[in-house]
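A short worksheet on the structure shown next.
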Amino acid sequence: MALTLLDYLGIFAFALSGALKGLRKQLDPFGVLVLALATAVGGGTIRDVVLGNIPPYWLSERNYVLLVIAATLIAVGMPRLLERTEGVILFFDAIGLGLYTVIGATKAMEKGLGGVGVVALACVTACGGGMIRDLLAAEVPVVLRKEIYASASILGALLILGLQYTALPSPVSLTASAIVVVVLRLLALRFHWGLPAMKAPVKHDDETRR
Amino acid sequence: MALTLLDYLGIFAFALSGALKGLRKQLDPFGVLVLALATAVGGGTIRDVVLGNIPPYWLSERNYVLLVIAATLIAVGMPRLLERTEGVILFFDAIGLGLYTVIGATKAMEKGLGGVGVVALACVTACGGGMIRDLLAAEVPVVLRKEIYASASILGALLILGLQYTALPSPVSLTASAIVVVVLRLLALRFHWGLPAMKAPVKHDDETRR
Amino acid sequence: MALTLLDYLGIFAFALSGALKGLRKQLDPFGVLVLALATAVGGGTIRDVVLGNIPPYWLSERNYVLLVIAATLIAVGMPRLLERTEGVILFFDAIGLGLYTVIGATKAMEKGLGGVGVVALACVTACGGGMIRDLLAAEVPVVLRKEIYASASILGALLILGLQYTALPSPVSLTASAIVVVVLRLLALRFHWGLPAMKAPVKHDDETRR
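Listed below in structure tokens is the structure:
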């Protein structure tokens, strides 16, 4: 119940962040909807396809899409409000990040995958939507550039794996891991932590030309 | 029979629109072929993967790829002809849009999906190829920007869902829905209808830097 | 045994080429890792999903990801070395191209696909990773532009199909096809062979605006 509520809040925050990007790219209202939807359910869809959970979860459950539509209506109807509340969106987005890390890891473990698969699918579930959002906006995904975002998700997945070797019951270790991801992400936002960008070693021919 | 012919015309128009984009991005002939193929079969491939129809339809049926190769040869051999006949391409592309909306919706219903799944897969089938085409060209997909394209497809899928509650036999309601999509798209082309683009609420840091 | 070694060399070269692109786009270390991983296993992942080989091979086999991590550490720790040894990377990348062409074609034939499916999946396996790498870097995939790369892979796949009608035992014809791909790619690199880019027939509205 509390989990479902968090799930919905996470989806809603992801959808708002997609809708906001759609506004900034000056898409039409339909394009804003597609970006919101792709951001909200894109990561889970890739995870489900890769794990053979066909059809993906949101196609047979109305609430997710209704939340995405609601987020789109807010974005299209009140763009300035959305812009002003970006801090709130980022807060719920961090909750989504922690929650989907745990959901992705859990689904991978249910299918019997080992450490590599668990970390990869936790990260895809939590970060895939944001990457698709940026690809559709023809931008290099922001999570690849300089934010502590996917790295928080990976750390959380590694924690889940490590805690399996302790006496902690599974719900406790999953909750603890989710909280670590959320707190790490919020701290990174608060104190502008980021991984340093690499310096390009040599300018490449390809970089200037498009 | 007539359906197969329309199917082939739709694929061919999709392939030509992909090849034309390849010419404009000054790809090599192989790149033109890949763009034509991705545009023609990309949407149906995503739909089939998501529905578990493995392997996707075009991998075991030679005619689709032959049509794509033919479209590529025309594009590479007669680029100016292709440019001049763009109106004809858009006409058949509209037919493809209507047809693939209906095909996608039908396949989703066959798998027992509800309204959300039917609309999503109708739209993916009809518009996915064009979105992949634009992504491979490193552009924001045109259907997200200001054209009545995906919105026509969504409307058609909703119509299919609505007409299920009437006494109309399925072939009639499917045909009617396809015609609505095609006519709406052609009217939008003829009268330059489009959804209004959203104004960016505040200029974002990310927009200028790439 | 020798095959496994070649497989690992190919993955490693693919990962290095992805990591190098990540450096050039000035991603953070995590972004470099994601680009290395996507380049190394992206093509095989699409192939496995399309063929229904779920979950994809690398999710349940640690060595591939360890090689990708090693490539990322080299890239992040010694960017100038990576830049200077680009010729070596391209050499092993060519071996990967030949090898994955054969692996992709073989897996498609195992699933009973015909010529279209064999060529398509051979090419996706060999070239898909590089295309995803460039998409994540928000660039038009280089293999679509002017290099003999995917065309070498397609030629190799056609050769595999053609040699089935001869008396040659399968291992011989597969090895021969792989060698043809590798040699063709190396010759193209050595002598700067490329397919000519298409001239854009007419400047299009869409090209200037983004």
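Order-wise, the sequence lines are chains H, R and W.
All residue numbers for the first sequence refer to the working numbering, where the first residue is 1 and numbers rise by one.
All residue numbers for the second sequence refer to the working numbering, where the first residue is 1 and numbers rise by one.
All residue numbers for the third sequence refer to the working numbering, where the first residue is 1 and numbers rise by one.
Every residue, glycine too, gets a C-beta built ideally from N, C-alpha and C.
Runs of alpha helix (DSSP H) with 4 or more residues, each lying fully within the stretch 104-175 of chain W, are found at 115-136 and 150-163, listed in chain order.
With contact defined as three or more Cβ pairs closer than 8 Å, the stretch 87-105 of chain W and the stretch 122-131 of chain W are in contact.
Excluding residues up to 5 positions away in sequence, VAL181, LEU184 and ARG185 lie with their Cβ nearer than 6 Å to the Cβ of ALA152(W) in the same chain. Comparing C-alpha distances from ALA150(R) to each of LYS111(R), SER170(R) and ASP93(R) shows the shortest one belongs to ASP93(R).
Around the Cβ of ARG190(H), a 10 Å sphere holds fewer than 16 other Cβ atoms; the residue is exposed. Going by DSSP, PRO29(R) is part of the alpha helix (DSSP H) stretching over 29-51. Rounded to whole angstroms, the Cβ separation of LEU73(H) and ALA120(R) is 18 Å, and the two are not in contact under 8 Å. Judged by DSSP in its simplified three-state form, PHE91(W) adopts helix.
Residues of chain W with a Cβ closer than 7 Å to the Cβ of ASP93(R) do not exist; the shortest Cβ-Cβ separation is about 15 Å. Between THR39(R) and ILE154(R) a beta carbon distance of about 20 Å is seen, past the 8 Å cut, so the two are scored as non-contacting. Going by beta carbons, THR45(W) and PRO56(W) fall inside the 7 Å limit. Where ALA75(R) is concerned, the enclosing alpha helix (DSSP H) starts and stops at 62-77.
Taking the beta carbon of ALA105(R) as reference, no residue of chain H falls within 8 Å; the closest one sits roughly 13 Å away. Contact annotation for SER17(H) against chain R: no contact, minimum CB-CB distance about 12 Å [criterion: below 8 Å]. SER151(H) reaches chain W at PHE30, counting residues in chain order whose Cβ is nearer than 7 Å. Taken atom to atom, the span from the alpha-carbon of GLY10(H) to that of ALA178(H) is near 13 Å. Residues of the stretch 156-181 of chain H with a C-beta less than 8 Å from any C-beta of chain R: none at all. Of the residues assessed, GLU147(R) falls on the buried side of the cut-off, its CB having 16 or more other CB atoms within 10 angstroms.
MET78(R) counts as exposed, since fewer than 16 other beta carbons sit within 10 angstroms of its beta carbon.
In the structure shown, ILE54(H) adopts coil according to DSSP, grouped into three states. LYS21(W) sits in a helix when the DSSP states are folded into three classes. Rounded to the nearest whole angstrom, the C-alpha separation of ALA75(H) and VAL65(R) is 41 Å. Residue nearest to GLN26(R) within the set LEU174(W), GLY156(W) and PRO141(W) is PRO141(W) (criterion: CA-CA distance). ALA108(R) is classed as buried because its beta carbon has at least 16 other beta carbons within 10 Å across all chains shown. The Cβ atoms of VAL68(W) and ALA13(W) do not sit closer than 7 Å to each other.
LYS21(W) is outside the set of residues whose beta carbon lies under 7 Å from a beta carbon in chain R.
In this structure, the straight-line span from the alpha carbon of GLY18(H) to that of ALA36(H) is close to 4 Å. Counting the other CB atoms within 10 Å of its CB gives VAL34(R) a total of 16 or more, which places it among the buried residues. With respect to ALA157(R), VAL118(R) sits close: the two C-beta atoms are nearer than 7 Å.
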